[in-house]
Amino acid sequence: MLNIWLYTLISVLVVSLISLLGVVFISLELERLKSLMALLVSFSAGALFGDAFLHLIPEIADEHGFGLQVSLSILVGIVTLFMVEKIIHWHHCHHLDCNVDDRPIAMMNLIGDFLHNIIDGLVIGASYLISIPVGIATTVAVAIHEIPQEIGDYGVLIHGGFSKKKALFFNFFSALGAVVGAVLALLLSSSMASINVYLISFSAGIFIYIAGSDLIPELHKRTGLRVSIEQLLLFVAGIAIMYWMLFV
3 MLNIWLYTLI SVLVVSLISL LGVVFISLEL ERLKSLMALL VSFSAGALFG
53 DAFLHLIPEI ADEHGFGLQV SLSILVGIVT LFMVEKIIHW HHCHHLDCNV
103 DDRPIAMMNL IGDFLHNIID GLVIGASYLI SIPVGIATTV AVAIHEIPQE
153 IGDYGVLIHG GFSKKKALFF NFFSALGAVV GAVLALLLSS SMASINVYLI
203 SFSAGIFIYI AGSDLIPELH KRTGLRVSIE QLLLFVAGIA IMYWMLFV
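Using the working numbering, you'd call the opening residue of the sequence shown number 3 and step up by one each time.
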């Protein structure tokens with residue numbers, strides 16, 4: 003169990019550090035940055051779908067079967083994130099054109115990001131409860147997803163009137179929600195071993211919702227043959243990475 007704690011905490015800290023990338027990428031030329039983020043979103047969507055359908059769901063099905071409790075837990079994950087987004091009127095910002103031009107709305111986005119990062123931590127912690135390889139695969143999927151999101155969130159704070167230093171600080175602080183979520187998952191598991199099946203299925207639902215509801219619609223905003231081919235190739239590449247990690 004000590005190894006699980008160690009791997010989990012290192013993983014969520016690494017994911018949290020991704021929030022600092024915003025200050026680096028935001029200095030790129032705008033159109034180039036938009037293109038880069040669009041490609042990252044494509045890759046991220048494939049990685050999240052791949053982890054959910056190739057790692058999390060098969061692992062839990064092998065151990066507990068694919069019964070009603072697994073199906074319901076996946077749906078609870080989907081509904082939970084849907085409610086979080088509805089309650090605080092927030093969605094992932096994976097692009098630089100988010101309609102945020104004042105501090106209160108930027109702060110609301112920050113609160114939403116903190117809650118989202120808690121969920122990320124829960125997902126990573128739950129994945130390490132299956133096995134270390136599955137935990138690593140899930141961490142990779144989350145990290146890929148976090149890159150465009152954190153760049154977008156940093157941009158939201160800047161447009162909301164924050165200085166670069168304050169935007170960087172608050173973005174990193176919200177990213178530390180992943181640590182809270184990971185610790186919560188491991189504590190729940192140690193006190194109630196039977197909760198693992200629900201946590202892992204819930205995590206799969208979260209990934210399916212993010213990829214299907216937040217990321218895929220972003221890809222449809224860019225059209226054209228070349229862009230569509232690039233998106234498809236990177237989407238498949240994200241899935242392929244998760245498939246490859248089955249054998250690592």
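Built from N, CA and C at the ideal position, the CB exists for glycine as well. Bear in mind the structure is a predicted one, so any value in this text is a computation, not a measurement.
Fewer than three pairs of CB atoms, one per stretch, sit closer than 8 Å, so the region 41 to 55 makes no contact with the region 184 to 195. CA-to-CA, the gap between Ile210 and Lys168 works out to about 33 Å. The continuous stretches of alpha helix (DSSP H) do not include Leu178, and DSSP gives it neither H nor E. Nearest Cα to Leu217 within the set Ile202, Ile146, Val250: Ile146.
Between Ile132 and Glu87, the C-beta gap is not smaller than 8 Å, which leaves the two residues out of contact.
In the same chain as Val25, and ignoring 5 residues on each side of it, the C-beta atoms closer than 6 Å to its own belong to Leu170, in chain order.
Within 10 angstroms of the beta-carbon of Val72 lie 16 or more other beta-carbons, which makes it buried. If you look at Asp216, you'll find it isn't in any alpha helix (DSSP H); DSSP assigns it neither H nor E. Annotation for Asn173: Ser21, Gly24, Glu152, Asp155, Tyr156, Leu159 place their beta carbon closer than 7 Å to its own, counting only its chain and skipping 5 residues before and after.
Going by DSSP, Asp155 is part of the alpha helix (DSSP H) stretching over 134 to 161. If you draw a straight line from the Cα of Ser18 to the Cα of Val238, it comes to about 26 Å. With 16 or more other CB atoms across the displayed protein chains lying within 10 angstroms of its CB, Pro150 is buried. Gly69 counts as exposed, since fewer than 16 other beta carbons sit within 10 angstroms of its beta carbon.
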